[in-house]
Amino acid sequence: MSVEHLIPEHPDPFVSTVLFAILALVLILPFRVKKIEENLEPFFLVMGITAVLATNTLAPILTPELVIHALESPIGIVKIGEIPVLGIFQVVLIVGLIIHFYNRQIYSALVSMMKKMGLKAFAFIFVILFGLISSIISVIVCSVILAEIALAMPLDRRKKIEFIV
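In my numbering, the protein residues as written are 762 to 926.
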């Protein structure tokens, strides 16, 4: 779907204001409001829908094709023929299940490594490692794994947030 013809020559002040407000909310609220921090996915969904509705005032981009594309994209990144085999949904589900079923082993291994390496070296290595591999595997998966690692770290809530960010 080509959108070049939908982009106006001059930015609309209303749309720009709404999009900057959404950007500010996305950057600030997860760190300030515990309820949003615990429910990031619905929050991002609402922010995304708000952005689409705001830009829809300029041109009709909220089309059935956009909705279908948004629903299909998470499940069909890798296809065999026309059949979606693997997408971000499946990857996050698999990693989540591994973490859920093997959390004791994972946490004990993490704590053991942390004790051997020291907290600062451990944090440095894992942040660099996941920063590098996030281009190979999903950034979302890296974020989930990094958040799980932060849970195992003996830090207060504020330090854990700083580590994750």
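No residue lacks a Cβ here, since even glycine has one placed at the ideal position from N, Cα and C.
query                                                                                              : result
Residues near L801 in its chain [Cβ-Cβ closer than 8 Å; skip 5 each side]                          : P791
CB-CB length for V900 against G857, believed under 8 Å                                             : Actually they do not touch by this definition, with Cβ atoms about 15 Å apart.
Nearest-angstrom Cα separation, counted from I789 out to P957                                      : Since the first and last residues shown for the chain are 762 and 926, residue 957 lies out of range.
Three-state secondary structure assigned by DSSP to L847                                           : strand
Selected residue, minimal CA-CA separation from L912, among I925, A815 and V813                    : I925
Alpha carbon of A812 to alpha carbon of L832, nearest angstrom                                     : 17 Å
Candidates A815, R919 and L827: closest to T778 by CA position                                     : A815
Contact belief for F887 with L916 at Cβ below 8 Å, rounded distance in angstroms                   : Rounded, the Cβ-Cβ distance is 13 Å, inconsistent with contact.
Length at least 3, wholly inside the stretch 869-925: the beta strand (DSSP E) runs in chain order : none
Proximity winner among M808, M875 and C903, relative to I849 (alpha-carbon distances)              : C903
Reduced DSSP category for I841 - H, G, I as helix; E, B as strand; rest coil                       : strand
Own chain residues within Cβ distance below 6 Å of V787, not counting five before or after         : M808
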